[in-house]
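Trainee: The structure is given below, and queries will be raised subsequently.
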């Protein structure tokens, strides 16, 4: 099983500069072969990534003499993995034709020289041409290291370390645990059928005023000036902080849900369609429901907990969990569910979670 652990790095000034240089080298190699590939297509020729790599190697020291001091694997991996993957997805109709990479749109490079070549000791990692780099954490997974990607987010450098683990004891005996329904939303990140409410941190909403102020400051700066770069760095840090708050809440909630259930019932949400509602789009983006459901799915799979998805059109909120009747007139503003037939009163989200648990148990046809 492949597992990835993303760890923040603590490089010195020289290593930070080297990281940036290798990111630039990977970007140059990618853009070079993409231009060569496009030129070949214009002439009716198809060049494989292997051929394009050979052509790049034949001229790189003449065109980019600064690359001699760098780890050549940064360019090799950019061509053999990033470029090849982009072309494959384009051929399969999964994405558009590859675009040239910009310096301003993310910095990353694959640093390893192949399976099992990276050395990690405690809270440090040894990278070619850069030596030992301190890490803020120890590697969580044991096994063979198959890939190391160095990337930058805001002011921090990270190492995404992919490990092939050989332990088959990850499947947990959950038969003694309850079946749980989970309703995700905006007011609460998630509500379970057990009555547990996970708060939505609403990180974007809480920092919206500061975000707008920095965006206004950036728009007033002269692009490329020292103050423009300073403001842009502050803006990137704030975006990073917002993302961290959101991810922290999602990781804690999904871990707690998965480790406390034998089976989980959830809704099959069309998040892309929901985002078309302009009144809810900002709040939905802040909640990041797709990310939450993705975390829930891979954590459940890892320990053997089955997830049952209700049909997209299953009325989990409008169905009364106590008697099974449906209230077609229920609106989003109605937060408390009151059944006029049986007199049952319940929180709307908790009612939906109980119905999703019933789906997971298998008592309801969806």
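In the working numbering, the protein residues as written are 298 to 663. Where a beta carbon is used, it is the ideal one built from N, C-alpha and C, also for glycine. As the structure is a computational prediction, the values presented were derived from the model and not from experiment.
Whose C-beta lies closer than 6 Å to the C-beta of residue 587 among residues of the same chain, with five residues either side of it excluded?
Mentor: 568
Trainee: Using the rule of at least 16 other Cβ atoms within 10 Å of the residue's Cβ for burial, across every protein chain shown, is residue 433 buried or exposed?
Mentor: exposed
Trainee: In angstroms with no decimal places, state the Cα-to-Cα distance between residue 251 and residue 646.
Mentor: The shown model of the chain, from 298 to 663, leaves out residue 251, and the question about it has no answer.
Trainee: Could you check if residue 480 is buried or exposed, using at least 16 other CB atoms within 10 Å of its CB as the buried criterion?
Mentor: buried
Trainee: State the beta-bridge partners of residue 603 as determined by DSSP.
Mentor: 560
Trainee: The alpha helix (DSSP H) that contains residue 334, what's its start and end?
Mentor: In the DSSP assignment, residue 334 falls within the unbroken alpha helix (DSSP H) covering 310-339.
Trainee: Can you look up residue 587 in the DSSP assignment and give me helix, strand or coil?
Mentor: helix
Trainee: Do you know offhand how far residue 316's Cα is from residue 409's?
Mentor: 13 Å
Trainee: Taking the straight line between their C-alpha atoms, what separation do you get for residue 398 and residue 328?
Mentor: 7 Å
Trainee: Grouping DSSP H, G and I as helix and E and B as strand, with all else coil, what is residue 608?
Mentor: coil
Trainee: What does the Cβ neighbour count give for residue 299, buried or exposed, with the cut at 16 atoms within 10 Å?
Mentor: exposed
Trainee: Short check: CB of residue 658 to CB of residue 602, under 8 Å?
Mentor: no
Trainee: May I have the straight-line CA-CA distance separating residue 493 from residue 422, to the nearest angstrom?
Mentor: 40 Å
Trainee: Quick check on this structure: which residue in 451, 420 and 564 has the alpha carbon closest to the alpha carbon of residue 539?
Mentor: 451
Trainee: Would you say residue 558 and residue 653 are within 8 Å of each other, going by their C-beta atoms?
Mentor: no
Trainee: Just checking: is the beta-carbon of residue 359 within a distance shorter than 8 Å of some beta-carbon in chain B?
Mentor: The structure shown contains no chain B; it is built from a single protein chain.
Trainee: What is the residue span of the beta strand (DSSP E) that residue 454 lies within?
Mentor: 453-461
Trainee: So what's residue 537 in DSSP terms, helix, strand or just coil?
Mentor: helix
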